[in-house]
DNA sequence: ATGAAAGCGCTAACAA
DNA sequence: TTGTTAGCGCTTTCAT
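Chains as they are written, first to last, in my numbering: chain A, 844 to 1218; chain B, 844 to 1218.
And the structure:
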């Protein structure tokens, strides 16, 4: 191990026969960057390249009074031990977009860095001195608010805490869900159950409402017990809800799982009940993260995670650039979803009394009015 | 946004009525830390707590000439878009262990930070000035060597590049595999196929050799075409290899997948072929990352990822602490695996001519000698 | 077009 | 036991 001193801007200055100030100007392209003769610039650049120079990030951060780091706070995961695909994707694309603008993304995982509660996440976040923070579906408004009040640029992704006035980037589930239902109905399905979350967040409600409204548009009433809601998007929950709707009479011919975790659970329950997908049951999911990996590969509503991440970085860096300027109205961006058809959807096997069967049953219906929240 | 100046050690010094040096000594507990009167210490501590002080990481790093950051370089993933469970787990536990010792783990993902090739990963790594680097199964010896030669503490995990003399933390697959085979054989299986990697890395070879040696110990010969090897641990590969062994006559009654990705693929192929697990085919996997999530939950060999990560951090920080000391022999730690039995294994359905059937067939056998690499 | 100088927040010698 | 001092490597006025 030879712990050789890393090359500094002084080394470059010597090699190029200029001052450190000039090196800095050349390398950072100070405004107009027509402050240095082409010849000097070249000398500096070649020296830097020759010596493999890279500026010391701590020194830069200290002097500039900004870290050039953007903290990414992933959603907290429900008992998964293999990370969260959505968090991974967001981080991936955010990191790339950030790098293009000279920033780095550091992941600050509440489950790693704030195993306790209360201030812990906030304190840890502050201690890292990020220039900005991207929250993916924060569980509490408190941390978000305090970060913002500390003068750090903030954006909330996916399921924002709307009580805090930050920039948000969210998704409009409707396009994908409408296409999914149209697809199912087009195939001939009339009995479609919904496996969803009973969490009150608008992101959950809107999925459900879009589901119901679309079926209503097709003139298809949905019995109340076709709407199965549970507290957490876990595999076990998904399996339990599936079993529940399987008990309906008549049972559904298709399942809409409002999250991929639920689709995984649904597949478990369906397997256990020896119900083949898609032959005896069509399955559609929302998320499209595990969907392609399951068997059969699941038709799913995809979210534009890459665009979300890229917009988030643009949003943060934008806030940083016009930092001095007056507090502009925070941006609220909404991105569309789309349907990816795979092999989990097919004509319903049971064609008997398709339309009539439901309407003669006496159970309560969730009508279009109810789905719109009117009654 | 009120960009208030964050509190500095000067603020604490003022508040406690001491010098900044004293604040530093109190907070960093310089050796023996009996350099400061209890009373002063208390004043400093309370002031720091009251003002919510946390030291500026960049200033600390600059002054100390070390970043207190350990870079984690995850394995490169094969076409997965949802991250890698093993990488996630290693990062998780490493981060926690590092935090306990005052270090932070930063993930430096080759697929994010080095989309090009050649020096890119190395340069990026250096530019971050980590005190140490943990490589998980590095694909090339070059980066590892150069990092080590730059005087940065290094440890390689899981599948090290043995051409470079670094500390390594690896796994002994044998305990888990032996138990897996014993379990299968105990259930009555005699025809067990192996789905593995043809990569020459010792980690792959040793799994295969252990598999063969254990069967040999049971006196069970394995036809050569029961050993199906492919280049990459992907779902598709796993499905393809499964189809291949399904074509053997007689077909196997059990499958050993040398990686969870292969098990996922195997399940796809088995589903497609309408072969039920475990009724018509038992499946065991190596990795235990997705295993519990699949259907049915797969009996699997687990690796002690948490211990690996914790040992890795201890190894790195150990190197850092005795940095001045002579280059001690790098440590090579080997941790054991164990079997987790789930629901994918059962008595073989087909009991007919179990023992006799194989031996009367004329095909080439992979004997114990061959498995030892002797013939 | 370039250089000199100051200082970001912190810590480690050395003095006192 | 405590304070003084001198930078770590960099960027940014301000002179020249």
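Note that the Cβ used here is the ideal one computed from N, Cα and C, for glycine as well.
**Study point:** Buried versus exposed, by CB contacts within 10 Å (16 or more), residue 936(A)
**Key:** Counting of Cβ neighbours within 10 angstroms places residue 936(A) among the buried residues, the total reaching 16 or more.
Check your understanding: Under 9 Å, do residue 971(B) and residue 973(A) count as touching if we go by C-beta distance?
Key -> No, they are not a contact pair.
Review point. In whole angstroms, what separates the C-alpha of residue 1047(B) from that of residue 1038(B)?
Key: Rounded to the nearest angstrom, the two C-alpha atoms are 11 Å apart.
Review point. Is residue 888(B) near residue 1010(B), with beta carbons less than 9 Å apart?
Key: Taking 9 Å as the Cβ cut-off, residue 888(B) and residue 1010(B) do not qualify as a contacting pair.
Practice item. Would you check whether the ligand FAD has a heavy atom nearer than 8 Å to the C-beta of residue 1078(B)? Key: Ligands are entirely absent from the displayed structure, and the ligand FAD is therefore not among its contents.
Check your understanding: Closer than 9 Å, CB to CB, is residue 871(A) near chain B or not?
Key -> No, because no Cβ of chain B sits closer than 9 Å to the Cβ of residue 871(A).
Check your understanding: Nearest to residue 964(B) by alpha carbon, out of 982(B), 1183(B), 902(B)?
Key -> When only C-alpha atoms are compared, the closest one is 982(B).
Review point. Is residue 1032(B) buried or exposed, if buried means 16 or more other CB atoms sit within 10 Å of its CB?
Key: That one is buried.
Review point. Given 8 Å as the limit, is there contact between the segment 1107 to 1115 of chain A and the segment 1074 to 1086 of chain A, that is, 3 or more CB pairs closer than that?
Key: With a cut-off of 8 Å, the segment 1074 to 1086 of chain A and the segment 1107 to 1115 of chain A count as touching, because enough Cβ pairs lie within range.
**Study point:** chain B contacts made by the segment 901 to 933 of chain A, where a contact means CB separation under 7 Å
**Key:** Within the segment 901 to 933 of chain A, the residues whose Cβ lies closer than 7 Å to some Cβ of chain B are 901, 902, 904, 905, 910, 924, 925, 926, 928, 931, 932, listed in chain order.
**Study point:** chain A contact residues for residue 955(B), given Cβ-Cβ distances below 7 Å
**Key:** Per Cβ cutoff of 7 Å: 935, 938, 939.
Check your understanding: Looking at chain B, which residues of the segment 1153 to 1166 of chain A have a Cβ within less than 7 Å of any of its Cβ atoms?
Key -> Those residues of the segment 1153 to 1166 of chain A that come within reach of chain B (Cβ to Cβ, closer than 7 Å) do not exist; the list is empty.
Review point. Under 9 Å between the Cβ atoms of residue 1095(A) and residue 1135(A)?
Key: Not closer than 9 Å, so no.
**Study point:** Under 8 Å by beta carbon: chain A residues contacting residue 972(B)
**Key:** Near residue 972(B) (Cβ distances below 8 Å), the residues of chain A are 849, 899, 900, 901.
Check your understanding: Among 1061(A), 976(A), 1026(A), which one has its Cα closest to the Cα of residue 1142(A)?
Key -> That would be 1026(A), whose Cα lies nearest to the Cα of residue 1142(A).
Practice item. Please state whether DSSP places residue 1143(B) in a helix, a strand or coil. Key: In the three-state DSSP reduction, residue 1143(B) falls in the strand class (E or B).
Review point. Whose Cβ in chain A lies nearer than 8 Å to the Cβ of residue 949(B)?
Key: Those within 8 Å of residue 949(B) in chain A are 949.
Review point. What are the partner residues of residue 999(A), as DSSP defines its beta bridges?
Key: Beta-bridge pairing by DSSP links residue 999(A) to 978(A), 1011(A).
Check your understanding: Using a beta-carbon distance below 9 Å, is residue 1007(A) in contact with chain B?
Key -> Answer no: the Cβ-Cβ gap between residue 1007(A) and chain B never drops below 9 Å.
Review point. Taking just the CA atoms, how far does residue 1041(B) sit from residue 1051(B)?
Key: Their Cα atoms are separated by approximately 10 Å.
Review point. In the structure shown, what three-state DSSP assignment does residue 1183(A) receive?
Key: Residue state, collapsed to three classes: strand.
Review point. From the beta carbon of residue 1102(B), is the nearest beta carbon of chain A less than 9 Å away?
Key: So, not an interface residue.
Review point. In this structure, does DSSP put residue 1043(A) in helix, strand or coil?
Key: Residue 1043(A): coil per DSSP, three-state reduction.
Check your understanding: Mind checking residue 852(A): buried by the 16 CB within 10 Å criterion, or exposed?
Key -> Residue 852(A) counts as buried, since at least 16 other C-beta atoms from the protein chains shown sit within 10 angstroms of its C-beta.
Point to revise | Alpha-carbon spacing of residue 1058(A) relative to residue 1021(B), whole angstroms | key: Whole-angstrom Cα-Cα distance: 55 Å.
Review point. Under three-state DSSP, which class holds residue 1198(B)?
Key: Since pLDDT at residue 1198(B) reaches only 41, below the 50 mark, its modelled position is unreliable, and no value is offered.
Review point. Taking 9 Å as the CB-CB cut-off, is residue 1139(B) touching chain A?
Key: Taking CB atoms only, residue 1139(B) has a neighbour in chain A less than 9 Å away.
Review point. Could you give the distance in angstroms between the alpha-carbon of residue 915(A) and the alpha-carbon of residue 932(A)?
Key: Rounded to the nearest angstrom, the two C-alpha atoms are 12 Å apart.
Exercise for review: Tell me, please, which residues DSSP counts as bridged to residue 1125(B).
Suggested key: In the DSSP output, where bridge partners are listed per residue, residue 1125(B) has 1097(B).
Point to revise | Three-way DSSP call (helix, strand, coil) for residue 1131(A) in this model | key: Note: residue 1131(A) maps to coil in three-state DSSP.
Review point. First and last residue of the beta strand (DSSP E) that includes residue 1071(A)?
Key: Residue 1071(A): member of the beta strand (DSSP E) spanning 1070 to 1073, first to last residue.
Point to revise | Cβ shell of residue 1195(B) (< 8 Å), same chain only, five flanking positions each side left out | key: Note that residue 1195(B) scores 49 on pLDDT, short of 50, meaning its location in the model is unreliable; the coordinates nonetheless yield the value given after this. Counting only Cβ-Cβ distances below 8 Å, and skipping sequence neighbours, we find nothing.
**Study point:** beta strand (DSSP E) runs contained entirely in the segment 926 to 984 of chain A, provided each spans 3 or more residues
**Key:** 947 to 950, 975 to 979, all fully within the segment 926 to 984 of chain A.
**Study point:** Proximity of residue 1000(A) and residue 990(A) at Cβ, strictly below 9 Å
**Key:** Going by C-beta atoms, residue 1000(A) is not nearer than 9 Å to residue 990(A).
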